[in-house]
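Participant: Submitted below is the structure of interest, expressed as structure tokens.
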């Protein structure tokens, strides 16, 4: 797992779970999400749109937004024990879903 410097985590107001979630997205889709972009991504739907666009613009792969949404929801449910019925596109990953 890539190392994320503590000052970056503090600057973004992200806890370890949020950083791990971002890293899992990067690893799954073969992308890098710059710190300045991460700072603006809080809602599941915004993350899905960002990831879809980033993959389609910066890799040789094409991905549909539905696939990204499914991955995000599955990851939040399986890795962070968040009930699937509590996750929707307007869910804030920190304040609504409790990632810290």
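Residue numbers (our numbering): 2 to 101.
Virtual Cβ for every residue (Gly too), placed ideally from N, Cα, C.
Computed from a predicted model, the values in this text were never measured in an experiment.
For the alpha helix (DSSP H) that residue 47 lies in, which residues bound it at each end?
Facilitator: 45-59
Participant: Thinking just about the alpha-carbon of each residue, which of 88, 96, 100 and 99 is nearest to the one in residue 46?
Facilitator: 88
Participant: Could you give the residue range of the alpha helix (DSSP H) that holds residue 74?
Facilitator: 66-81
Participant: Report the rounded CA-to-CA distance for residue 76 versus residue 59, giving the unit in angstroms.
Facilitator: 23 Å
Participant: Considering just the uninterrupted stretch of the alpha helix (DSSP H) at residue 86, what are its terminal residues?
Facilitator: Following the DSSP letters along the chain, one finds residue 86 in no alpha helix (DSSP H), marked with neither H nor E.
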